[in-house]
Amino acid sequence: MARTKGYPEALDKKLADTRLYEDERHPDFTKTVEKVSMTIPHMCFQCGTCTASCPSAPRSSYRIRKFVRRALLGLEDEALTDPDLWLCTTCYSCTDRCPRDIAPTDVIMAMRNLAFKRDIVPVNFLKTVQAIYTTGHGVPNNDVNRAARQKLGLNAEPPTTHGFPQYVKGIQYILDYYELKKNADRIVKEREG
Amino acid sequence: MAEKKTKKETAPKKKEATKATAKAAPAAQKAPAKEQKKARVGVFICHCGTNIAGSVDIEDVQEYSKSLPDVAFADNYQYMCSTPGQKKIADAIKEHNLTGIVVAACSPRLHEPTFRTATKEGGLNPFRFEMANIREQGSWVHMHDREGATDKAKDAIRIAVAKASMLEDLFPKTVPVEKAAMVVGAGVAGMQAALDLANAGIKTYLIEKNPTIGGRMSQLDKTFPTLDCSQCILTPKMVDVGRAENIELMTCAEVEDVEGYIGNFDVTIRRKARGVLTPDEAEAKGIVGGGCNGCGDCEGVCPVIKPNPFEMGMKPRKAIYIYHPQVVPLIYTIDWDSCIKCGLCVDICGDKKAIDLEMQDELVKVKVGTAILATGYDMFPIEKKDEWGYKKYENVVNSLEFERLICASGPTGGHLVRPSDGETPKKVAFLLCAGSRDNTGVGKPYCSRFCCMYSLKHAHQIIEKIPGCQPYLFYMDIRSFGKMYEEFYYRIQDEGAKFMRGRVANVLEDPVTKNLIINAEDTLLNRPINLEVDMVVLAAAVQPAEETERTRKLFGVSRSMDGWLLEAHPKLNPCGTTTAGVFLAGVCQGPKDIPDTVASAEGAASAASIPIHRGEVELEPYFAQCIEEKCAGCGMCVNLCPYQALALVEKDGRKVMEVTEAKCKGCGTCGGFCPGGAIWMQHFATPQIIAQIDAFLVGGAK
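Residue numbers (numbering that gives the first Met the number 0), protein chains in the order written: chain L, 0 to 192; chain Y, 0 to 701.
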């Protein structure tokens, strides 16, 4: 058995029915994505300029063109459950070059928001939320940075919530208002125990 | 035969009637319409299948129409434009003794002529017909509002009835047509159109801004899908144009001004100073056996070197030059911007005395009956899409530059080389839809239509000429829709061209090797591509030629949203324009390959020859009329008229205004202005329009 480990499962996957069925399509999903993103994924003609512009695509399986296609067809589950959704760096190169004047980045951002409503979000994103809540920074200052800043003649702490910690409260107020921190804590706890 | 007969019958009547209307018009102004014959209007409502009936309650509208004042009869039918529909109108006129007809249907643009004919067949003057548009401006825009669409249809009919009850008999004027035509632009479209017109026996003025005819086609190396040498098939036509007796060719010429109307256009042409006399011009000046014979001695001694625009700037020319050896006419031209007037050319030309360094532009006036615009295209400045690096990286060229580089008569003698180092490329990428199908506002939203096919041809040419050279075609769709085009696509794929289905995101340059790195996605494999090539060819979009805008304004031709000239109807009248007597040929109307361009040119020539062969055209009788007893002779209208149609004349010892009917376009400028209300706009007379406004604001069923 050990020698064939993984093979039957892999074969099952290959033999699965991968046809596109009409009941997978949710036209409302297309409309919701368009409303949230304020752009027009239904106008995509699949030229691939977005994927070719993407700094993430050559390094991962992330294909933004596929997500725009899913938005166009209303393939909600396929789009929101694909972990690739979280590999966009939001550099907006695709948005700059799209010949159909779609903003693919905004389509991704809309889908991320919709996924979050279903608790589908990678833990590292939630930890960023927690870091912002405590420090006001997604990437807080550290000793290496502090040393580098001082070497350049700058204050060790930048003039942000690091320099003025009293303003962290305001950020916390916003995150509390949208229950972002609460939800992040809850999901992290569910995942990591 | 039948047509001739009616003509003969109506001809004598026409004259009498025109006189009668001129007098009847002021009479109508003085006396209210009711004192004339009591108006009896017939209303016909069209279902247009479900186009109208789908959102308008036809029965309700018909009942309403019957209740309107002056309506003697109302009816409806599935398709009023059909033969039975038209017969209903003719029959009702006789049966109910109608004096005016209203058809509530589509737009007058579409079917006014149809229903006017039907009205005429019923024995009524065709101008006693009025159309109510309840489709384009009714049912179509209020598709989901039945009640609103029905109410709007009632309004439209009420207004139309108000006018129809006051319409008068009008008689179109016929004017003779000058037996000559003009073609603007001498590319393949203009040449074909001019040859057709000339062969049909019509004197044709062919105007070309460049020193030679031939246009874009003469810059191409080969033509798809047959791979004929472009020059080889074009040169005979160029020679024919040069020789045709009926063609008066004017190169280095531009249209300066256009006046008049169909049948009688007065066109002023600026013949730009060429600096060189043709043998004919020389003879006219008394120089025996002189004039330019194209020997080229002048070019040999000229010290000024400039880039040749015909070679896309990749080959030098002198300040006195010809574009290429096959130019028609073979006459040298001086580029005044670079000539230093050293006089060396004049000396070497000697007794021929062909060169005149003091030559001035000349204005020539010609009269033509019809005109064809064939102004062609320019390449879109593809450097505006900076991600592809045109004009930034040396080895990125556009497709017209590629044509010159691969052409046997081009700057490299047909040996394709990289501009950076003169090396033969081994890998060439073709970027299709470069600037076409682009909705960003930078490029062009339309498909440029011939780039797919010429890129296939380019791929073939490099495979044929450079053993081991690999073409890559980056495409979104291959549009090979013409005769033998799909077969050509098959052939090129079989020859080894690689088709990559993906639009190129950006092109980068290796600063050392000057090679280019292409980033695209193979959308069929779903994988990003990183490809290093020696050369990139951008199949750039095309756009209307620079001078198109100025020329179209002179001829009063509209343009569509994308900048190309607007045809009268995209399907049923693609060569005509909304200006009578002006036609379109070739790419100026929209991107076309050579077969389509030639076909459109022949269509335009045929259309342009019809009024000339008929010898006369009918003008719509919408001209202004002066009510002489009211005219104070102030003459203010004379200067307002945009068409120079008005003049002050002496009559019975005082000055009154007089209209040259053939010049009047019925714009209404004078009629709206006249302080004494002394100008009667036929068919759009003040009482008629007031009646329409009254009907809309206060009218309605009792």
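Where a beta carbon is used, it is the ideal one built from N, C-alpha and C, also for glycine.
Exercise for the section: Would you kindly check if the distance between the Cβ of residue 536 of chain Y and the Cβ of residue 426 of chain Y is under 8 Å? Expected result: By one-based count along the second sequence, residue 426 of chain Y stands at place 427. By one-based count along the second sequence, residue 536 of chain Y stands at place 537. In this structure, residue 536 of chain Y does not lie closer than 8 Å to residue 426 of chain Y by Cβ.
Practice task
Using a cut-off of 7 Å between C-beta atoms, extract the partners of residue 45 of chain L located in chain Y.
Solution key: For the purposes of this step, residue 45 of chain L is taken as residue 46 along the first sequence, with counting starting at 1. Contact annotation for residue 45 of chain L against chain Y: 522 [CB-CB distance below 7 Å, chain order].
Practice task
Just the chain Y side, please: which residues come within less than 8 Å of residue 51 of chain L by C-beta, in chain order?
Solution key: As a position in the first sequence, residue 51 of chain L is number 52, starting the count at 1. 501, 502, 503, 504, 505, 518, 519, 520, 527, 528, listed in chain order.
Practice task
Could you run through the stretch 54 to 66 of chain L and flag, in chain order, every residue whose CB is less than 8 Å away from some CB of chain Y?
Solution key: Of all residues in the stretch 54 to 66 of chain L, 56, 57, 62, 64, 65 have a Cβ within less than 8 Å of some Cβ in chain Y.
Handout entry: Closer than 7 Å at the beta carbon, the chain Y residues around residue 100 of chain L
Key = Translated into the one-based positions of the first sequence, residue 100 of chain L becomes position 101. Result: 438, 439.
Practice task
Please go through the same chain and pick out, in chain order, the residues whose beta-carbon is closer than 6 Å to the beta-carbon of residue 281 of chain Y, but skip the five residues on each side of it.
Solution key: Against the second sequence, residue 281 of chain Y aligns to sequence position 282. Result list for residue 281 of chain Y: 289, 290, in chain order.
Exercise for the section: Please decide whether residue 96 of chain L counts as near chain Y, where near means a Cβ-Cβ distance under 8 Å. Expected result: Working through the first sequence from its first residue, we reach residue 96 of chain L at position 97. Using a CB distance cut-off of 8 Å, residue 96 of chain L counts as an interface residue toward chain Y.
Practice task
Report the option in L/135, L/124, L/77 whose CA atom is closest to the CA atom of residue 166 of chain L.
Solution key: Numbered from 1 along the first sequence, position 167 holds the residue referred to as residue 166 of chain L. It is L/135 whose Cα lies nearest to the Cα of residue 166 of chain L.
Handout entry: Within-8 Å CB hit, residue 386 of chain Y to chain L
Key = If you number the second sequence from 1, residue 386 of chain Y lands on position 387. Cβ-Cβ to chain L under 8 Å: yes for residue 386 of chain Y.
Practice task
Tell me whether residue 563 of chain Y sits in a helix, a strand or coil according to DSSP, three-state version.
Solution key: Residue mapping note: residue 563 of chain Y aligns to position 564 of the second sequence, counting from 1. Reduced to three states, the DSSP call for residue 563 of chain Y is coil.
Problem - Residues near residue 91 of chain L by beta carbon distance below 7 Å, same chain, minus five either side - result: Here residue 91 of chain L is taken as the residue at index 92 of the first sequence, counted from 1. The residues 104, in chain order, have a CB closer than 7 Å to that of residue 91 of chain L in the same chain once the five nearest residues on each side in sequence are set aside.
Handout entry: DSSP-derived helix/strand/coil call for residue 115 of chain Y
Key = Reading the second sequence from its first residue, position 116 is the one you call residue 115 of chain Y. Correct three-state label for residue 115 of chain Y: helix.
Problem - Closest by C-alpha distance to residue 554 of chain Y, when choosing among Y/232, Y/80, Y/268 - result: Residue numbering aside, residue 554 of chain Y sits at position 555 when the second sequence is read from its first letter. The candidate whose alpha carbon is nearest that of residue 554 of chain Y is Y/268.
Handout entry: Nearest candidate by alpha-carbon position, reference residue 147 of chain Y, set Y/75, Y/76, Y/53
Key = Locating residue 147 of chain Y in the second sequence gives position 148, counting from the first residue. Minimum Cα distance to residue 147 of chain Y is reached at Y/53.
Practice task
Check whether the Cβ of residue 491 of chain Y sits closer than 7 Å to any heavy atom of the ligand FMN, and report yes or no.
Solution key: Annotation note on the ligand FMN: not contained in the displayed structure, which lists no ligands.
Practice task
Determine whether the Cβ of residue 475 of chain Y lies closer than 8 Å to any Cβ atom of chain B.
Solution key: Among the chains of the structure shown, chain B does not appear; the protein chains present are L and Y.
Exercise for the section: Can you say whether residue 671 of chain Y is buried or exposed, counting buried as having 16 or more other CB atoms within 10 angstroms of its CB? Expected result: Start at 1 with the first residue of the second sequence, and residue 671 of chain Y comes out as number 672. With fewer than 16 other Cβ atoms within 10 Å, it is exposed.
Practice task
Identify whether residue 131 of chain Y lies in helix, strand or coil by the three-state DSSP scheme.
Solution key: The count along the second sequence starts at 1 and reaches residue 131 of chain Y at position 132. Of the three classes helix, strand and coil, the one that applies to residue 131 of chain Y here is strand, per DSSP.
Practice task
Consider the Cβ of residue 17 of chain L: report whether some Cβ of chain Y lies at a distance smaller than 8 Å.
Solution key: For the purposes of this step, residue 17 of chain L is identified with residue 18 of the first sequence, where counting begins at 1. So, not an interface residue.
Exercise for the section: Anything in chain Y within Cβ reach of residue 48 of chain L, meaning under 7 Å, just list it in chain order. Expected result: Residue numbering aside, residue 48 of chain L sits at position 49 when the first sequence is read from its first letter. Within 7 Å Cβ-Cβ: 502, 504.
Practice task
Decide if the stretch 455 to 471 of chain Y is in contact with the stretch 215 to 230 of chain Y; the criterion is three or more beta carbon pairs, one per stretch, under 8 Å apart.
Solution key: Remark: three or more beta-carbon pairs, one from each stretch, lie closer than 8 Å, so the stretch 455 to 471 of chain Y and the stretch 215 to 230 of chain Y are flagged as touching.
Problem - Those runs of the alpha helix (DSSP H) which lie wholly inside the stretch 10 to 40 of chain L and span at least 4 residues - result: The stretch 10 to 40 of chain L contains these whole alpha helix (DSSP H) runs: 26 to 36.
Handout entry: Contact the stretch 368 to 376 of chain Y vs the stretch 186 to 193 of chain Y: 3+ CB pairs below 8 Å
Key = Three or more pairs of CB atoms, one per stretch, sit closer than 8 Å, so the stretch 368 to 376 of chain Y contacts the stretch 186 to 193 of chain Y.
Problem - Alpha-carbon to alpha-carbon, residue 100 of chain L and residue 113 of chain L - result: On the first sequence, position 114 is the one that residue 113 of chain L refers to. On the first sequence, position 101 is the one that residue 100 of chain L refers to. The alpha-carbon of residue 113 of chain L is positioned some 23 Å away from that of residue 100 of chain L.
Exercise for the section: Leaving out five residues on either side along the sequence, give the residues of the same chain with a beta carbon under 7 Å from the beta carbon of residue 660 of chain Y. Expected result: Start at 1 with the first residue of the second sequence, and residue 660 of chain Y comes out as number 661. Spatial neighbours of residue 660 of chain Y in its own chain (CB-CB distance under 7 Å, excluding positions within 5 residues in sequence) are listed in chain order as 172, 622.
Practice task
Give a yes or no on whether the C-beta atoms belonging to residue 128 of chain Y and residue 97 of chain Y are separated by under 8 Å.
Solution key: Taking the second sequence and counting its residues from 1, the one referred to as residue 128 of chain Y is at position 129. Taking the second sequence and counting its residues from 1, the one referred to as residue 97 of chain Y is at position 98. No Cβ-Cβ contact shorter than 8 Å links residue 128 of chain Y with residue 97 of chain Y.
Handout entry: Helix, strand or coil at residue 432 of chain Y [DSSP, three-state]
Key = If you number the second sequence from 1, residue 432 of chain Y lands on position 433. In the displayed model, residue 432 of chain Y falls within a strand according to three-state DSSP.
Practice task
Tell me where the beta strand (DSSP E) around residue 705 of chain Y begins and ends.
Solution key: Chain Y is shown from 0 up to 701; residue 705 of chain Y falls before or after that span and cannot be answered.
Exercise for the section: Could you check the C-alpha separation between residue 306 of chain Y and residue 31 of chain L for me, to the nearest Å? Expected result: Numbered from 1 along the second sequence, position 307 holds the residue referred to as residue 306 of chain Y. Numbered from 1 along the first sequence, position 32 holds the residue referred to as residue 31 of chain L. Between residue 306 of chain Y and residue 31 of chain L, the C-alpha separation is close to 57 Å.
Exercise for the section: For residue 550 of chain Y, collect the residues of the same chain with a Cβ closer than 7 Å to its Cβ; drop the 5 residues on either side in sequence, then sort them by chain order. Expected result: Position 551 of the second sequence, counted from the first residue, corresponds to residue 550 of chain Y. Contacts found: 183, 254, 372, 374.
Practice task
Could you pull out every unbroken beta strand (DSSP E) segment of at least 3 residues lying fully inside the stretch 470 to 530 of chain Y, listed in chain order?
Solution key: The qualifying runs are 497 to 500, 505 to 508, 515 to 521.
Practice task
Use the C-beta contact count for residue 151 of chain L: other C-beta atoms within 10 angstroms, 16 or more gives buried, fewer gives exposed.
Solution key: As a first step, residue 151 of chain L must be located in the first sequence, where it is residue number 152. Flag for residue 151 of chain L reads exposed.
Problem - residue 215 of chain Y burial status per 10 Å Cβ neighbour count (16 or more: buried) - result: Locating residue 215 of chain Y in the second sequence gives position 216, where the first residue counts as 1. Around the Cβ of residue 215 of chain Y, a 10 Å sphere holds 16 or more other Cβ atoms; the residue is buried.
Practice task
Give the range of the beta strand (DSSP E) segment to which residue 304 of chain Y is assigned.
Solution key: By one-based count along the second sequence, residue 304 of chain Y stands at place 305. Where residue 304 of chain Y is concerned, the enclosing beta strand (DSSP E) stretches over 304 to 306.
Handout entry: Sequence-distant residues of the same chain with beta carbon closer than 6 Å to residue 561 of chain Y, five excluded per side
Key = As a position in the second sequence, residue 561 of chain Y is number 562, starting the count at 1. Correct list, in chain order: 445.
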